[in-house]
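What follows is a single structure, written as structure tokens, with notes after it.
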Amino acid sequence: MIKFNKVTRDFARRGRALDEVSFELRKAEFAFLTGHSGSGKSTTLRLLHLADRPTSGEVRVCGFSSDLTSDREVWKLRRRVGMVFQDFRLLPGRTARENVEFALEVTGASRSEILPRANRLLAQVGLSAKGGARAEELSGGERQRVAIARALVNEPQVLLADEPTGNLDERASRGIMELFRELNASGMAVLMATHDLELIRAFPSIRTLELSEGRLVFDSSLSPAATTGGS
Amino acid sequence: MHAIREALAAVRRAPLLTGLSAGMVALALYVVGLFGLATYNLHQALTRVEERVEVVAYVRDDARDEEISMAEQDLLAMEEVEQIRFISKEEALLAAREDLPEFEDLFTGMDVNPLPASLEIVLRPGFRTPDVVARVANRLSVYPFVEDVRYGQEWVDRLYLLQRIGAMATMFLGGAFALVAGLIIGTAIRIAIFARREEIYIMRLVGATNGFIRRPFLLEGGLTGLLGGILAAAFTFGSYLVVSRAVFQLDWMPLDWILMGIVAGALFGVIASAFAVRKYLREV
Ligand SMILES: Nc1ncnc2c1ncn2[C@@H]1O[C@H](COP(=O)(O)OP(=O)(O)OP(=O)(O)O)[C@@H](O)[C@H]1O
Ligand SMILES: [Mg+2]
Chain A
31 MIKFNKVTRD
41 FARRGRALDE
51 VSFELRKAEF
61 AFLTGHSGSG
71 KSTTLRLLHL
81 ADRPTSGEVR
91 VCGFSSDLTS
101 DREVWKLRRR
111 VGMVFQDFRL
121 LPGRTARENV
131 EFALEVTGAS
141 RSEILPRANR
151 LLAQVGLSAK
161 GGARAEELSG
171 GERQRVAIAR
181 ALVNEPQVLL
191 ADEPTGNLDE
201 RASRGIMELF
211 RELNASGMAV
221 LMATHDLELI
231 RAFPSIRTLE
241 LSEGRLVFDS
251 SLSPAATTGG
261 S
Chain B
12 MHAIREALAA
22 VRRAPLLTGL
32 SAGMVALALY
42 VVGLFGLATY
52 NLHQALTRVE
62 ERVEVVAYVR
72 DDARDEEISM
82 AEQDLLAMEE
92 VEQIRFISKE
102 EALLAAREDL
112 PEFEDLFTGM
122 DVNPLPASLE
132 IVLRPGFRTP
142 DVVARVANRL
152 SVYPFVEDVR
162 YGQEWVDRLY
172 LLQRIGAMAT
182 MFLGGAFALV
192 AGLIIGTAIR
202 IAIFARREEI
212 YIMRLVGATN
222 GFIRRPFLLE
232 GGLTGLLGGI
242 LAAAFTFGSY
252 LVVSRAVFQL
262 DWMPLDWILM
272 GIVAGALFGV
282 IASAFAVRKY
292 LREV
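What follows is the structure in structure tokens.
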């Protein structure tokens, strides 16, 4: 499903963000990606969405290779791989439902199916009652649910989440985790970047990958006995 | 559907800018329209003049009839020549008396006819051009019985030159205005892209195709160009009316020319915004 093969990403001024990182994520697998600030988590996720390209090495996602997929074809990958962020990135001034409808509309859903599908997606993330509320009127947890609903419009096989709970309190974070677990249970691979060690400890069964200064320093699937969190 | 709605929304969001872009396109096409009108009328005038283009050879008084009829056979064999009329001295005098009645006294008082006989050579349509006229005139001048050859060469030459200058001025001025119009459309599209950068980001994030993202902007450019084309046609028609009333009667251009101009405007708008989209969509 996901394969990083000796992926290096150099930035002109900031130097090496990722250094020969290799790992795989199988179908319907759930993994945390952790590491302290600047260790390369966001860079990893951006590479997986082909929002960025490796300096060397190859990224493979859902059959798309970073070597073979042109910028013009990236949209195909984006429909297979949903993505959410710490800052939600909803369209301001629009309701929760309109935010989901927008994603459906711009990816070619037919007019008659847009509304029922948006309602179904909102129900799936537990927001049926809030569909008519504008983005600004929602709590952080609710906004993240809208963002997740939006990421699901094309029924992706992979969900990438960059610090999805970074702006949420513990209760809301647990709610989002529950939702991810449900999605994962229904067959979706989830890769979630977080530096919330408590959250990671609360889910010991979930695989953890740790980055440090651009290197993959820990993979719980290879050394399950080790404790997560490095230092 | 989405594209049309978004393009119209963009026009509504920045009506001044759309108006300005359309105005510049209109100005560019108005220049083209004015020169088009002038060129068309010159062309009409030229056709009318051309119908009368003929070469006249004045015949010496001592020319022999056989000489002349042999020359006639010769000339008629040329593919450029449609018809040859022989005007005798008497006919020339009669025609002169009719054309110039004021000089009737003068004509009656004369005991010798001063007017020469002449051959009027009418050219076939399609051969009434300066170079053919010159060629036939040259051919005529070698006959010993020909005293002199006249044709409206300067006139024909001047009209052709005018037509060519008109076409050149149309290209240069129209091109200059079109360039400015293109720059303004580019700026308008850039502003439209910037105003929608959040939507564009989300579209890319969820997997909208590049074409889908571009289309509203291309359509907006096309609409601007279309509007400019229609305005230009209106301006040109207004100018035609004014000139026809106040100066001299002009012919209005055929409908295809107008439609071609409007379509060109729309096409130009699409092309200008395609450049802008290529350039600016990467920046958001
Ligand atoms: N577009 C960019 N241009 C230059 N340097 C970049 C860029 N993006 C990331 N970097 C650098 O790459 C390194 C890794 O950044 P990244 O955002 O992946 O870290 P992170 O693990 O997500 O950190 P955080 O936990 O703070 O979000 C950092 O040193 C960062 O400065
Ligand atoms: Mg980050």
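Protein chains in written order, with the numbering used here: chain A, 31 to 261; chain B, 12 to 295.
Don't be surprised by glycine CBs; every beta carbon is placed ideally from N, CA and C.
Between B:Glu-210 and chain A, is there a C-beta pair that is closer than 8 Å? Taking the first residue of the second sequence as position 1, residue 210 of chain B is located at position 199. So yes, B:Glu-210 belongs to the interface.
Check the C-beta distance from A:Leu-48 over to A:Val-37 and give it rounded, since I have them as a contact under 8 Å. As a position in the first sequence, residue 48 of chain A is number 18, starting the count at 1. As a position in the first sequence, residue 37 of chain A is number 7, starting the count at 1. Indeed, because the Cβ distance is near 6 Å, the residues count as touching under 8 Å.
Roughly how many angstroms separate the alpha carbons of A:Glu-243 and A:Asn-214, rounded to a whole number? Start at 1 with the first residue of the first sequence, and residue 243 of chain A comes out as number 213. Start at 1 with the first residue of the first sequence, and residue 214 of chain A comes out as number 184. Taking the straight line from one Cα to the other gives about 29 Å.
Hey, could you find the ends of the beta strand (DSSP E) A:Arg-147 is sitting in? As a first step, residue 147 of chain A is located in the first sequence; it is residue number 117 there, counting from the start. Where A:Arg-147 is concerned, there is no enclosing beta strand (DSSP E), although the alpha helix (DSSP H) it sits in stretches over 141-154.
Just tell me which of B:Ser-99, B:Gln-94 and B:Arg-225 has its CA closest to the CA of B:Asp-73. As a first step, residue 73 of chain B is located in the second sequence; it is residue number 62 there, counting from the start. Among B:Ser-99, B:Gln-94 and B:Arg-225, the Cα nearest to that of B:Asp-73 belongs to B:Ser-99.
Give a yes or no on contact between the segment 144-164 of chain A and the segment 70-82 of chain A, applying the rule of three or more CB pairs nearer than 8 Å. no
Rounded to whole angstroms, what is the Cα-Cα separation between B:Ala-285 and B:Phe-205? Taking the first residue of the second sequence as position 1, residue 285 of chain B is located at position 274. Taking the first residue of the second sequence as position 1, residue 205 of chain B is located at position 194. If I take the Cα positions, the gap works out to 16 Å.
Does at least one heavy atom of ligand 4 sit under 7 Å from the Cβ of A:Glu-88? Absence of ligand 4 from the depicted structure is noted, with ligand 1 and ligand 2 being the only ligands included.
How is B:Tyr-69 classed by DSSP in three states: helix, strand or coil? The residue labelled residue 69 of chain B in the question sits at position 58 within the second sequence. B:Tyr-69: strand per DSSP, three-state reduction.
Bounding residues of the beta strand (DSSP E) (the contiguous stretch that carries A:Gly-205): Translated into the one-based positions of the first sequence, residue 205 of chain A becomes position 175. No beta strand (DSSP E) contains A:Gly-205, which is instead part of the alpha helix (DSSP H) from 200-215.
Under a CB-based cut-off of 8 Å, is A:Val-155 close to chain B? Position 125 of the first sequence holds residue 155 of chain A. Chain B, which has no Cβ nearer than 8 Å to the Cβ of A:Val-155, makes this no.
Is A:Arg-83 close to ligand 1? I mean its beta-carbon at under 7 Å from any heavy atom of the ligand. The count along the first sequence starts at 1 and reaches residue 83 of chain A at position 53. Within 7 Å of the C-beta of A:Arg-83 there is not a single heavy atom belonging to ligand 1.
Considering only DSSP beta bridges, list what A:Gly-53 is partnered with. The sequence position of residue 53 of chain A within the first sequence is 23, counting from 1. Residue identity differs from the one stated: residue 53 of chain A is Phe in this sequence, not Gly. Its beta-bridge partners are A:Phe-34.
Just list the beta strand (DSSP E) runs in the segment 120-161 of chain B, keeping only unbroken ones of 3 residues or longer that don't cross its boundaries, in chain order. 128-134 and 157-161
Taking the beta strand (DSSP E) that B:Phe-228 falls in, what are its first and last residues? By 1-based counting over the second sequence, the position of residue 228 of chain B is 217. No beta strand (DSSP E) holds B:Phe-228; the alpha helix (DSSP H) holding it covers 221-257.
Could you check if A:Asp-192 belongs to the surroundings of ligand 2, using beta carbon to heavy atom distance under 7 Å? On the first sequence, position 162 is the one that residue 192 of chain A refers to. Distance from the C-beta of A:Asp-192 to the nearest heavy atom of ligand 2 is below 7 Å.
Taking the alpha-carbon positions, what's the A:Val-91 to A:Ile-178 distance? Counting from one through the first sequence, the residue named residue 91 of chain A turns up at place 61. Counting from one through the first sequence, the residue named residue 178 of chain A turns up at place 148. For A:Val-91 and A:Ile-178, the distance between alpha carbons rounds to 19 Å.
Local Cβ density within 10 Å of B:Glu-101, reported as buried at 16 or more and exposed below that: What you label residue 101 of chain B is simply residue 90 of the second sequence in a count that begins at 1. It counts as exposed.
Mark B:Asp-76 as exposed unless 16 or more other C-beta atoms lie within 10 angstroms of its C-beta, in which case mark it buried. Position 65 of the second sequence, counted from the start, is the residue given in the question as residue 76 of chain B. By the 10 Å Cβ count, B:Asp-76 comes out exposed.
What does a CB cutoff of less than 7 Å around B:Ala-22 pick up in its chain, not counting 5 residues either side in sequence? Translated into the one-based positions of the second sequence, residue 22 of chain B becomes position 11. Sequence check: residue 22 of chain B is Val here, not Ala. The answer, listed in chain order, is Thr-29, Glu-231 and Leu-234.
Can you check whether the C-beta of A:Arg-180 is within less than 8 Å of a C-beta belonging to chain B? Along the first sequence, read from residue 1 onward, the residue named residue 180 of chain A stands at position 150. For A:Arg-180, the answer is yes, since a Cβ of chain B falls inside 8 Å of its Cβ.
Residue from A:Lys-33, A:Ala-61, A:Arg-39 and A:Asn-35 whose Cα sits closest to the Cα of A:Met-218: For the purposes of this step, residue 218 of chain A is taken as residue 188 along the first sequence, with counting starting at 1. With distances taken between Cα atoms, A:Met-218 lies closest to A:Ala-61.
Is it right to say A:Ser-261 is buried, meaning 16 or more other beta carbons lie within 10 angstroms of its own, or is it exposed? If you number the first sequence from 1, residue 261 of chain A lands on position 231. Caution applies to A:Ser-261, whose pLDDT of 42 falls short of 50 and renders its modelled position unreliable; the model cannot decide the point.
Grab the span of the alpha helix (DSSP H) containing B:Phe-279 for me, first residue to last. Counted from its first residue, the second sequence places residue 279 of chain B at position 268. That run of the alpha helix (DSSP H) goes 266-291.
B:Lys-290 burial status per 10 Å Cβ neighbour count (16 or more: buried): Position 279 of the second sequence, counting from 1, holds the residue named residue 290 of chain B. It counts as exposed.
Can you tell me whether A:Arg-237 is buried or exposed? The criterion is at least 16 other CB atoms within 10 Å of its CB, across all chains shown. The residue given as residue 237 of chain A occupies position 207 in the first sequence. So A:Arg-237 counts as buried.
Run through chain A and tell me which residues come within less than 8 Å of B:Gly-177, C-beta to C-beta. Within the second sequence, the letter at position 166 stands for residue 177 of chain B. Neighbours of B:Gly-177 on chain A: none; closest Cβ ~45 Å, over 8 Å.
Which of helix, strand or coil does DSSP assign to A:Asp-40? Counting from one through the first sequence, the residue named residue 40 of chain A turns up at place 10. Correct three-state label for A:Asp-40: strand.
Contact check, B:Leu-261 vs B:Asn-52, beta carbons under 8 Å: Looking up residue 261 of chain B in the second sequence gives position 250. Looking up residue 52 of chain B in the second sequence gives position 41. It is a contact, given that the beta carbons lie within the stated cut-off.
Tell me the start and end of each unbroken alpha helix (DSSP H) in the segment 64-140 of chain A that is at least 4 residues and wholly inside, in chain order. 71-78, 104-110 and 126-136
Answer yes or no: the CB of A:Gly-270 versus the heavy atoms of ligand 1, is any distance below 7 Å? Here chain A comprises residues numbered 31 to 261, so residue 270 of chain A is not present and cannot be evaluated.
Among A:Thr-195, A:Gly-45, A:Ala-139 and A:Asp-97, whose alpha-carbon lies nearest the alpha-carbon of A:Asn-35? Here residue 35 of chain A refers to the residue found at position 5 of the first sequence. It is A:Asp-97.
B:Glu-115, buried or exposed, once every other Cβ within 10 Å from all chains shown has been counted against 16: As a first step, residue 115 of chain B must be located in the second sequence, where it is residue number 104. By the 16-neighbour rule on beta-carbons within 10 angstroms, B:Glu-115 is exposed.
Taking DSSP as the reference, what is the three-state secondary structure of A:Val-220? Within the first sequence, residue 220 of chain A is the residue found at index 190, counting from 1. A:Val-220 falls in the strand class under three-state DSSP.
Would the C-beta of A:His-79 count as close to ligand 1, meaning under 7 Å from any of its heavy atoms? Walking along the first sequence from the start, residue 79 of chain A turns up at place 49. A:His-79: no, Cβ never under 7 Å from ligand 1.
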